[in-house]
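Below: one structure, written as structure tokens.
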Amino acid sequence: MSVQSPAHVLGLPLDRLFALYLAAAAPALAFGGRPSAWPALLAAHALLIVALWPLRPLERVLDVQPAAVQRAVRGVADWSPLLLIPLLYKELAVLNRAVHGGRYFDDTIIAWEQAMFGGQPSREWAAALPHLALSEPLHAAYLSYYFIIFVPPLLLFLSGRRAAFRAGLFALMLAFFTHYLFFIYFPVQGPRYLFPPPGGELANGFFHQLAHRVLEVGSAQGAAFPSSHVGVSVAQTLVVWRYMPRIAPIFAVLTLGLALGAVYGGFHYATDAVAGVVLGTIAFLAAPRVAGLLIRRDRAAD
2 MSVQSPAHVL GLPLDRLFAL YLAAAAPALA FGGRPSAWPA LLAAHALLIV
52 ALWPLRPLER VLDVQPAAVQ RAVRGVADWS PLLLIPLLYK ELAVLNRAVH
102 GGRYFDDTII AWEQAMFGGQ PSREWAAALP HLALSEPLHA AYLSYYFIIF
152 VPPLLLFLSG RRAAFRAGLF ALMLAFFTHY LFFIYFPVQG PRYLFPPPGG
202 ELANGFFHQL AHRVLEVGSA QGAAFPSSHV GVSVAQTLVV WRYMPRIAPI
252 FAVLTLGLAL GAVYGGFHYA TDAVAGVVLG TIAFLAAPRV AGLLIRRDRA
302 AD
């Protein structure tokens, strides 16, 4: 997936993938629950799609620019999908309310939970094991999500391994975007919105309090199933195992702790975590084929 010639300053698979996600998310604004500012949101989607899937004349203009300009444009294009993830995440609550008018499918997931586990692990596990020595490491692992997301691509980028950087980032963003489409069209709030968090001694823990503060500031309602925390972390761990195997055990342990912490802390149903493992693994395995299809599509347009 490296840049082979000036003709591919733009148009790499990740650009196309981002554009396809924006196109798949935009129909949510056609539903009756859309916000009054929906024309502005739709225009933003359209502009980004044009920027990410540029017209050939624009690419030809970039082809004749100095190499330094081309590298700068490519660098911005490489990092922009990941850096825009917080904005795309905050948009999810607006889009799923547009589609479903504030309806969530927690009752369905709770029924699945009961059938699969014979109970509700997101409410019962912490109550059965109310130990600070267990709670704090699991909440800390849950917070390691941001470390898991950003550190591997940064290490690959700084080490000059641009092909591995782009391939890994493509798998990561494929995991993000597939989860986000679930959040738009099948929104689930998660137990955090329906039930009180683990209390007692556990509530005094530093990482317990920090995790809840982070979620209060940055969570999007309806973004629980499948767990993107788990799915994205699984995909990223597999990326690290492929390209940086010496540090992969660190990410594997953090991801395992994160998945357990998501349920123990009452942030996700156990079903969310299981579905996240499955979807994250599928995204990683499918990424090379999906990228190849987008490359062939791009070449066919020339």
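When we follow my numbering, the leftmost residue of the sequence shown carries the number 2, and every step to the right adds one. For every residue, glycine included, the Cβ atom is placed at its ideal position computed from N, Cα and C.
{"Check": "Does the distance from the CB of Q190 to the CB of D79 come in under 8 angstroms?", "Outcome": "no"}
{"Check": "Which residues does DSSP list as the beta-bridge partners of A224?", "Outcome": "V189"}
{"Check": "Taking all protein chains shown into account, decide if Y147 is buried (16 or more other Cβ within 10 angstroms of its Cβ) or exposed.", "Outcome": "exposed"}
{"Check": "Could you work out which residue in L30, I50, V275, I86 is closest to L173 when comparing CA atoms only?", "Outcome": "I86"}
{"Check": "Given that a residue counts as buried once 16 or more other Cβ atoms are within 10 Å of its Cβ, and exposed if not, what is L114?", "Outcome": "The sequence as given places Glu at residue 114; Leu does not occur at that position. Result: buried."}
{"Check": "Let's see if you can read the secondary structure: which residues bound the alpha helix (DSSP H) around Y244?", "Outcome": "229–244"}
{"Check": "Taking the alpha-carbon positions, what's the Q237 to A129 distance?", "Outcome": "31 angstroms"}
{"Check": "By the 10 Å Cβ neighbour count, where 16 or more other Cβ atoms means buried, how is A284 classified, buried or exposed?", "Outcome": "buried"}
{"Check": "Taking only beta-carbon atoms, is A45 less than 8 angstroms away from chain D?", "Outcome": "Looking for chain D here will not work: only one protein chain is present."}
{"Check": "Going by alpha carbons, who is nearest to F178 out of L13, P14, L23?", "Outcome": "L23"}
{"Check": "Can you check which of these residues, A45, L18, I251, A134, is closest to F27 by C-alpha distance?", "Outcome": "Looking at the sequence itself, residue 27 is Ala, so the reference to Phe does not match. Out of A45, L18, I251, A134, A45 has the C-alpha closest to the C-alpha of A27."}
{"Check": "In three-state DSSP terms, what is R162?", "Outcome": "coil"}
{"Check": "Taking one C-beta from the region 110–126 and one from the region 252–259 each time, how about it: are there three or more such pairs within less than 8 angstroms?", "Outcome": "no"}
{"Check": "Roughly how many angstroms lie between the CA atoms of S234 and E202, to the nearest whole one?", "Outcome": "29 angstroms"}
{"Check": "According to DSSP, is L175 helix, strand or coil?", "Outcome": "helix"}
{"Check": "Check each candidate in P227, I50, G119 and name the one with the smallest Cα separation from L182.", "Outcome": "P227"}
{"Check": "Ends of the alpha helix (DSSP H) at G262?", "Outcome": "249–265"}
{"Check": "Quick one: what's got a C-beta closer than 8 angstroms to W54's C-beta in the same chain, skipping five residues either side?", "Outcome": "G12, D16, R17, A20"}
{"Check": "Let me check understanding here. Comparing Cα to Cα, which of A29, L133, A31, P122 lies closest to N205?", "Outcome": "L133"}
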